[in-house]
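Please read the structure below before turning to the comments.
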Amino acid sequence: QQQVKQSPQSLIVQKGGISIINCAYENTAFDYFPWYQQFPGKGPALLIAIRPDVSEKKEGRFTISFNKSAKQFSLHIMDSQPGDSATYFCAAATSGTYKYIFGTGTRLKVLA
Amino acid sequence: ETGVTQSPTHLIKTRGQQVTLRCSSQSGHNTVSWYQQALGQGPQFIFQYYREEENGRGNFPPRFSGLQFPNYSSELNVNALELDDSALYLCASSPTGQVTGELFFGEGSRLTVL
Numbered sequence: 001q002q003q004v005k006q007s008p009q010s011l012i013v014q015k016g017g018i019s020i021i022n023c024a025y026e027n028t029a030f031d032y033f034p035w036y037q038q039f040p041g042k043g044p045a046l047l048i049a050i051r052p053d054v055s056e057k058k059e060g061r062f063t064i065s066f067n068k069s070a071k072q073f074s075l076h077i078m079d080s081q082p083g084d085s086a087t088y089f090c091a092a093a094t095s096g097t098y099k100y101i102f103g104t105g106t107r108l109k110v111l112a
Numbered sequence: 001e002t003g004v005t006q007s008p009t010h011l012i013k014t015r016g017q018q019v020t021l022r023c024s025s026q027s028g029h030n031t032v033s034w035y036q037q038a039l040g041q042g043p044q045f046i047f048q049y050y051r052e053e054e055n056g057r058g059n060f061p062p063r064f065s066g067l068q069f070p071n072y073s074s075e076l077n078v079n080a081l082e083l084d085d086s087a088l089y090l091c092a093s094s095p096t097g098q099v100t101g102e103l104f105f106g107e108g109s110r111l112t113v114l
C-alpha cells in the first residue's frame, strides 16, 4: 500500500516531442505528489508538485495531470529538449511529513 | 544561501566496517531526512530528524542510526556494513514551518562496500 509504481522505466523522445511518465499509488492518505529530476552525479531536484484538489498543474513546459479516482498522476514534458535528458522520479507524501515514497524512476533521453 | 552539502562524496569500505556520513543543511532548515538510493532505484526513506530528535523511520535496521546537531547539521552512521549497503546516500533538508513537504537534496555520498 506504500508503493508508488512508475512507468516506463526508460523513454526515448525526439527533440520537440512530448514525454509522458506515469505513476500510480494505493494509499489514499497521500496528498502531495511531487516530481523530481535527477542528473547523473547530482541529487534529485524538485521539478513540479501537485495536491489532489486540482486535476492539472502547469509550469512552463512541465504539466502534472492528476486523476484522484484512479489514483494516478502523470508528468508531461512538452517540446522536450536534450537538456531534459535525466532521470525523473514521482513521489507521494502526506502533508506535514517529509517521508516521501518514490517511484523507481524513468530514464529520459531526448535525441537532438 | 548555501544548499545542502554532504561529505564525503565517495568512499569505499569493507564488509563489517562502520561508516559515518555527514550533512550540512540548507540555511534556515531545521528538519533533515536521509534516503538510500540503490543503483537504478528511487530513494528510500531511512529516517528524519527534527530538533535533534528522530521524528520518523523507514524500514531500516537499527544498525542505521543518526544524529542532528544544534546547528541542524546531521550524521548518518551505519554499523556492520553489508554488501547491500552499497548505495548513494542522500541527505535532504526542509525549511522551518514548511507544510508542503518540499525536500532539498544534497548531491549524496556514494558508498561502496566490498
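Just so you know, the protein sequences line up as chains A and B, in that order.
Residue numbering for the first sequence follows the numbering used here, starting at 1 and increasing by one per position.
Residue numbering for the second sequence follows the numbering used here, starting at 1 and increasing by one per position.
Just so it is clear, CB atoms sit at the ideal spot from N, CA and C, and this is done for glycine as well.
These numbers were taken from a predicted model, which means no experiment stands behind them.
Here L111 of chain A is near I12 of chain A, since their CB atoms are less than 8 Å apart. Remark: C-beta atoms of A92 of chain A and Y25 of chain A approach each other more closely than 8 Å. The beta carbon of Q2 of chain A lies closer than 8 Å to those of E26, N27 and I101 in the same chain, with the five residues before and after it left out. Boundaries of the beta strand (DSSP E) around G66 of chain B: F64 to Q68.
In chain order, T5 and S73 place their CB closer than 6 Å to the CB of S24 of chain B, counting only its own chain and leaving out the 5 sequence neighbours on each side. One finds Y36, Q38, K42, G43, P44, A45 and L46 in chain A with Cβ atoms closer than 9 Å to the Cβ of F105 of chain B, taken in chain order.
Residue pairing by DSSP puts R22 of chain B in a beta bridge opposite B:S7 and B:E75. Going by DSSP, R51 of chain A is part of no beta strand (DSSP E) at all; its letter is neither H nor E. For the segment 92-106 of chain A, residues whose beta-carbon sits nearer than 7 Å to a beta-carbon of chain B comprise A93, S95, G96, T97, Y98, K99, Y100, F102, G103, T104 and G105.
Secondary structure at L83 of chain B: helix, using DSSP grouped into helix, strand and coil.
Annotated three-state conformation of G56 of chain B is strand, per DSSP. Not a single CB atom of chain B sits nearer than 8 Å to the CB of F66 of chain A.
Taking 8 Å as the cut-off, the Cβ atoms of Q41 of chain B and T87 of chain A do not count as close. F73 of chain A places its beta carbon 8 Å or farther from that of S85 of chain A. DSSP, reduced to helix, strand and coil, places P43 of chain B outside both helices and strands of the structure shown, so it counts as coil.
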